[in-house]
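A.B. asks:
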Amino acid sequence: HIHRIAIPVFQNKTFQRDLETEVTNAIIRELDRRGGVELVNDVNQADAVLRGTLEEYRLDILAAGADGRATAYRVTIRANIVLDDLVEKKPYWQNTLSKTQDFPIQDTPSTTEVQERQSIQDASEDFAKTVVTAIFLGF
Numbered sequence: 048h049i050h051r052i053a054i055p056v057f058q059n060k061t062f063q064r065d066l067e068t069e070v071t072n073a074i075i076r077e078l079d080r081r082g083g084v085e086l087v088n089d090v091n092q093a094d095a096v097l098r099g100t101l102e103e104y105r106l107d108i109l110a111a112g113a114d115g116r117a118t119a120y121r122v123t124i125r126a127n128i129v130l131d132d133l134v135e136k137k138p139y140w141q142n143t144l145s146k147t148q149d150f151p152i153q154d155t156p157s158t159t160e161v162q163e164r165q166s167i168q169d170a171s172e173d174f175a176k177t178v179v180t181a182i183f184l185g186f
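In terms of this note's numbering, the sequence shown opens at residue 48 and continues consecutively.
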């Protein structure tokens, strides 16, 4: 009975700028890629609304060289996700998910920043696939 889903931009309780946009857009792209539901902008036109709260963003040192400098990092994103069934007026699916993405460090800070952004994008896409798969298992 769920044919139209609205996905407002997730809340971001982390200090990582634009993380909410990255994760929300990845989920929208994944739902669009899979098909089977219509994405709508207006919650009033939706059968369900997918909401998320990004609770944690971590950048941890994964490995260090002999000189003590980081040689690899791990990005971790954790979020609470709820798909509310607006027709039956109850939660359809909810979960807390965590995804990690590792990346090696290059020589320059600017290169490391680019790699961190790419790792965030990769983790967001993996996150999106997990969310969309879990939702469709219930359809």
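Every residue, glycine too, gets a C-beta built ideally from N, C-alpha and C.
Every value quoted in this text rests on a predicted model; they were computed, and no experiment measured them.
In whole angstroms, what is the alpha-carbon distance linking Asn59 and Leu144?
C.D. replies: Cα-Cα distance, rounded: 14 Å.
A.B. asks: Along the chain, where does the alpha helix (DSSP H) that runs through Asn72 open and close?
C.D. replies: From DSSP, the alpha helix (DSSP H) with Asn72 extends over 66 to 81.
A.B. asks: Can at least three beta-carbon pairs, one atom from the region 111 to 123 and one from the region 84 to 93, be found at a separation below 8 Å?
C.D. replies: No: the two stretches stay apart, fewer than three of their Cβ pairs being nearer than 8 Å.
A.B. asks: Tell me whether Leu106 sits in a helix, a strand or coil according to DSSP, three-state version.
C.D. replies: Leu106: strand per DSSP, three-state reduction.
A.B. asks: Looking at Phe150: is its Cβ nearer than 8 Å to the Cβ of Ala175?
C.D. replies: The answer is no: Cβ separation not under 8 Å.
A.B. asks: Under the rule that 16 or more other beta-carbon atoms within 10 Å means buried, what is Lys146, buried or exposed?
C.D. replies: Per the 10 Å Cβ criterion, buried.
A.B. asks: Residues in its own chain within less than 7 Å of Thr100 by CB, not counting five upstream and five downstream?
C.D. replies: Contacts found: Phe57, Gln58, Lys60, Ala126, Asn127.
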